[in-house]
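Student: Let me give you the structure first, and then I'll get to my questions.
In my numbering, the protein residues as written are 1257 to 1356.
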């Protein structure tokens, strides 16, 4: 049974989410990471040399990740992130309180 599970895991490969959560992501994973706002934020946060503008574009598709992007990513475009959170009252209040 274990051999079947091991083989299945090998065949499945590693998703960018798995790589990000386990410190295995590289610049080569950026395109995949930018397909989801959460991954784009985490990619910008943890991968040296990440294209901040590209990741920001993807992260700002959801208010949650736009907020975190503005708060924790050096070089973030604060105004772009502010616009992304404007449609969500709770995140907009948090943004105004924590970021300005």
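Ideal Cβ positions, reconstructed from N, Cα and C, are used throughout, including at glycine. A quick note: this is a predicted structure, and the numbers were derived from the prediction, not measured.
Which residues bound the alpha helix (DSSP H) around residue 1337?
Tutor: Taking the chain shown and counting its residues from 1, one reaches residue 1337 at position 81. Here the alpha helix (DSSP H) through residue 1337 covers 1334-1341.
Student: Secondary structure at residue 1311, three-state DSSP: helix, strand or coil?
Tutor: Along the chain shown, one-based indexing puts residue 1311 at 55. Reduced to three states, the DSSP call for residue 1311 is helix.
Student: In whole angstroms, what is the alpha-carbon distance linking residue 1298 and residue 1287?
Tutor: Along the chain shown, read from residue 1 onward, the residue named residue 1298 stands at position 42. Along the chain shown, read from residue 1 onward, the residue named residue 1287 stands at position 31. Going by the C-alpha atoms only, they are around 13 Å apart.
Student: Going by beta-carbon coordinates alone, are residue 1315 and residue 1291 separated by less than 9 Å?
Tutor: Here the question's residue 1315 lines up with position 59 in the chain shown. Here the question's residue 1291 lines up with position 35 in the chain shown. Not a contact, by the Cβ cut-off of 9 Å.
Student: Using the three-state DSSP reduction, which class does residue 1303 fall into: helix, strand or coil?
Tutor: As a first step, residue 1303 must be located in the chain shown, where it is residue number 47. Coil at residue 1303, not helix or strand.
Student: Just the Cα atoms here: how many angstroms apart are residue 1341 and residue 1334?
Tutor: Here residue 1341 refers to the residue found at position 85 when the chain shown is read from its first residue. Here residue 1334 refers to the residue found at position 78 when the chain shown is read from its first residue. Answer to the nearest angstrom: the Cα atoms are 11 Å apart.
Student: Give the straight-line distance between the Cα atoms of residue 1328 and residue 1356, rounded to the nearest whole angstrom.
Tutor: Residue mapping note: residue 1328 aligns to position 72 of the chain shown, counting from 1. Residue mapping note: residue 1356 aligns to position 100 of the chain shown, counting from 1. Cα to Cα, the separation comes out at about 14 Å.
Student: Please classify residue 1354: is it buried, with 16 or more other beta-carbons within 10 angstroms of its beta-carbon, or exposed?
Tutor: Here residue 1354 corresponds to residue number 98 of the chain shown, with the count starting at 1. Counting Cβ neighbours within 10 Å, residue 1354 comes out exposed, since fewer than 16 surround it.
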